[in-house]
Amino acid sequence: MKKYYHREHREHRETTFEHRSLWLPFIELPEAIPTGLPLECLDKQRLGASPRILSIEAPEEEADHEPVIVCRQCRNHITDESHRLSVEGANRHTFANPHGFVYEIDCFGSAVGCYRTGPLSDEFTWFKGYSWQAVICADCMTHLGWLFVSSGPHHFFGLIVDRLASSL
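Residue numbers (the numbering used here): 55 to 222.
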């Protein structure tokens, strides 16, 4: 059985199951190398070909974490609470598309966990003066909402409320 280190929960676990994005191989360090450093900071030449087993200490985290917005499907980090915007006087809007599907969206200035997909369109736009483009989760490809782009430098993301979750 192998040991793995969880990136988010900062815990160790012996398991035969490897999750592709959250569990990292548990690397054992020689005593001469200080623990508590990110793995990228360690000098790989000092580790040698077969490092001994010690431990990795999680870096100390700040006490006050801002909640992040994650994809409800896969828990991928999508955006932060601090990126919420008021568009046309509100952060939350409810719209129906031409096929009758009703969406409740929240507006954000940034959504780092999204990929844009398809061409920009100005057909049936919900915000006058803005074209839209669908956005999906960068990890699981769930449709999360739309990017709205004006003819000027302004843009924002309208993300579907029930496809998101809040996480600390």
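All C-beta atoms, glycine included, are put in the ideal place defined by N, C-alpha and C.
Query, Result
"Cα-Cα separation, cysteine 125 to glycine 206", "29 Å"
"Beta carbon of tryptophan 200 nearer than 8 Å to that of valine 215", "no"
"Residue from Ser175, Leu139, Met195, His119 with nearest C-alpha to cysteine 168", "Met195"
"Beta strand (DSSP E) segment containing arginine 146, residue limits", "146 to 150"
"For tryptophan 186: DSSP bridge partner residues", "Ser175, Phe202"
"Proximity winner among Gln187, Glu120, His131, relative to glycine 203 (alpha-carbon distances)", "According to the sequence as given, residue 203 is valine; it is not glycine. The residue with the shortest Cα to Cα distance from valine 203 is Gln187."
"Cβ neighbours of glutamate 94 in the same chain (closer than 8 Å, five flanking residues each side left out)", "Reliability of the predicted coordinates at glutamate 94 is poor, the pLDDT of 40 falling under 50, and the value obtained from them is presented with this limitation in mind. Same-chain partners within the cutoff: there are none."
"Minimum C-alpha distance to leucine 213 - residue among Arg170, Glu177, Leu222, Glu120", "Arg170"
"Spatial distance of phenylalanine 178 from leucine 198 (CA atoms)", "18 Å"
"6 Å CB neighbourhood of phenylalanine 181 in its chain, flanking five on each side removed", "Phe202"
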